[in-house]
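Presented below is the structure to which this report refers.
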Amino acid sequence: MPLSTNQPADSIVYQISLEQLPAYRGRRLIVRSTHPPELVARFGADDLDNLSYVQLRSLPSDIDRLVHWAEGLAIELLLENPAQDFALLYRFAKLLDNHPVRVALPVVPGFENAVKLAWSLQFAVSLQAGQPAAPMVEQMARLLDDFLHRPTVAAPIEYFYSLLLGLCHEEPVNLWAIQEEDPALVRYIDDRGEERLPGKLMEADPGPDPAGFVKSWGDTLLAEGAECAECSYFAPCRGYFKWPRRDYDCAGVKSLFHTLRKAADELRGDLAAVPPAGKPHPP
Amino acid sequence: MTDRHESAEGHREPQSMDKAAEERELQSRREFLIGLGKWSRVVIVGAVAGGMALVDTPAQAGWLNRRGRGGGWVNGGGGGGWANRRGGGYGGSWINAR
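Line by line, the protein sequences are chains A and B.
Our numbering puts the first sequence at residues 1 to 283.
Our numbering puts the second sequence at residues 1 to 98.
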């Protein structure tokens, strides 16, 4: 059953299974699949125009037909058990010949090594941060430092990348949107065809205005006088890390925000110091 | 890469000159940041590209509209890839990059 929305239909991206494609033709889509050959077989050229990206689940082995299919189409690899499965990423390196590739993975034990391997293979990364425990935040901090400063890191890691650039250029950023978990942007269609909220909101009650969830959630936290009321990072976070547990201690993730904001300020200063083209750079 | 469009008189078209000048500016910015020796490659390219072509809303950035051609960052060819760097590319992750 579709959820109510005040949004224009074409502003929402629906994440569907491949089997649901006929019912969602004409919508903007993310399509998840465990069988790459079926992707190739079922998609017509018109379908590709509305496709944001495909998500491969269970890291299938039969990917050869994807390499030369729909050139330029982005492919996300869902690495649900990073500690156990990260070595499987090697087999997907060939996709880079014709596709942008991103690895999505939860922040759980083993994720740090998986991110490093993904980077070494030139894959982008998207962290499903959730409400990370302190040891995970420590690993996120190390990865953030690598992302910012290690010269060989050539691929982005979300949410760090978008937040850094948003802060650097003083543009409004929304962590829910960066994480593709803002119901105003994305809806998840489960395997029974039910429309759900995306990402970690999957089990949430959508309420009468799912597209207004992020604002409503933020307003609630502020009204309650929660930690968010005093937080200098509320504008980009909007209570992201207070979901689902409102009593989550944000000290660790605030340190990540602090690092990102400091780096963004420094980067903005460095960009302002760039001499005009043709003028010699200072030694 | 810069397209060259020359008229019958051998003059470059203004659009081509603009592109060439813009690319020189981008290259200059990248080289300056590389010279500082404190930023990763992905940060440098993202920062330079983002400064030249900001997006209007988070929903317009990143991967959600991708189609591989409109995003701020594309990994490709095994070399890290910097294609399509002028299309924005932050704030809304993957969905709007197509």
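Note that beta-carbon positions come from the ideal geometry of N, C-alpha and C, so glycine has one too.
Since the model is a prediction, treat every value here as computed from it, not as a measurement.
{"Check": "At least 3 beta-carbon pairs within less than 8 angstroms: the stretch 196 to 207 of chain A vs the stretch 245 to 263 of chain A", "Outcome": "no"}
{"Check": "Cβ neighbour criterion (16 or more within 10 Å) applied to Val40 of chain A", "Outcome": "exposed"}
{"Check": "Cβ separation of Ala118 of chain A and Leu89 of chain A, assumed to be a contact under 8 angstroms, to the nearest whole Å", "Outcome": "6 angstroms"}
{"Check": "Secondary structure of Ile63 of chain A, DSSP reduced to three states", "Outcome": "coil"}
{"Check": "Residue-chain proximity (Pro22 of chain A, chain B), Cβ-Cβ < 8 angstroms", "Outcome": "no"}
{"Check": "At least 3 beta-carbon pairs within less than 8 angstroms: the stretch 34 to 52 of chain A vs the stretch 212 to 227 of chain A", "Outcome": "no"}
{"Check": "Cβ of Ala47 of chain B within 8 angstroms of any chain A Cβ", "Outcome": "yes"}
{"Check": "Under 9 angstroms by beta carbon: chain B residues contacting Val103 of chain A", "Outcome": "Per Cβ cutoff of 9 angstroms: no residues; Val103 of chain A is ~11 angstroms from chain B at best."}
{"Check": "Residues near Gly193 of chain A in its chain [Cβ-Cβ closer than 7 angstroms; skip 5 each side]", "Outcome": "Gln20"}
{"Check": "4-residue-minimum alpha helix (DSSP H) runs that sit fully inside the stretch 182 to 231 of chain A, ordered along the chain", "Outcome": "213 to 223"}
{"Check": "Chain-order list of residues whose beta-carbon lies under 6 angstroms from that of Glu170 of chain A (same chain, five-residue window excluded)", "Outcome": "none"}
{"Check": "Option in A:Val108, A:Thr152, A:Asp97, A:Ala184 with minimal Cα separation from Gln131 of chain A", "Outcome": "A:Val108"}
{"Check": "Cutoff 8 angstroms: Leu46 of chain A Cβ touching any chain B Cβ", "Outcome": "With the sequence shown as reference, residue 46 of chain A is identified as Asp, and Leu is not the correct amino acid for it. It does not: the Cβ of Asp46 of chain A has no partner Cβ on chain B nearer than 8 angstroms."}
{"Check": "At least 3 beta-carbon pairs within less than 8 angstroms: the stretch 58 to 72 of chain A vs the stretch 17 to 36 of chain A", "Outcome": "yes"}
{"Check": "Buried versus exposed call for His99 of chain A [16 or more other C-beta atoms within 10 Å across all chains shown]", "Outcome": "buried"}
{"Check": "Collapsed DSSP secondary structure at Pro135 of chain A in the structure displayed", "Outcome": "helix"}
{"Check": "Partners in chain A for Ser16 of chain B, counting only beta-carbon separations shorter than 9 angstroms", "Outcome": "Ordered by position in chain A, no residue passes the 9 angstroms Cβ test against Ser16 of chain B, which lies about 16 angstroms from the chain."}
{"Check": "For Leu54 of chain B, the three-state DSSP class (helix, strand or coil)", "Outcome": "Because Leu54 of chain B sits at a pLDDT of 37, beneath the cut-off of 50, its placement in the model cannot be relied upon, and the point is left open."}
{"Check": "Counterpart residues of Tyr14 of chain A in DSSP-defined beta bridges", "Outcome": "A:Leu29, A:Arg187"}
{"Check": "Residues sharing a beta bridge with Ile44 of chain B, DSSP", "Outcome": "Looking at the DSSP assignment, Ile44 of chain B forms no beta bridge with any residue, so it has no partner."}
{"Check": "Check: His68 of chain A C-beta below 7 angstroms from any heavy atom of the ligand MG", "Outcome": "The ligand MG is not part of the structure shown, which contains no ligands of any sort."}
{"Check": "Lys19 of chain B at chain A interface by Cβ criterion, 8 angstroms", "Outcome": "no"}
{"Check": "Given Ser255 of chain A as reference, the closest of A:Glu195, A:Glu138, A:Gly166 once Cα atoms are compared", "Outcome": "A:Glu138"}
{"Check": "Glu312 of chain A to Trp243 of chain A span [Cα, whole Å]", "Outcome": "There is no way to answer for residue 312 of chain A, as the model of chain A reaches only from 1 to 283."}
{"Check": "Cβ shell of Ala74 of chain A (< 8 angstroms), same chain only, five flanking positions each side left out", "Outcome": "Ser52, Tyr53, Val54, His99, Pro100, Val101, Arg102"}
{"Check": "Proximity below 8 angstroms, CB of Leu197 of chain A to CB of Pro210 of chain A", "Outcome": "yes"}
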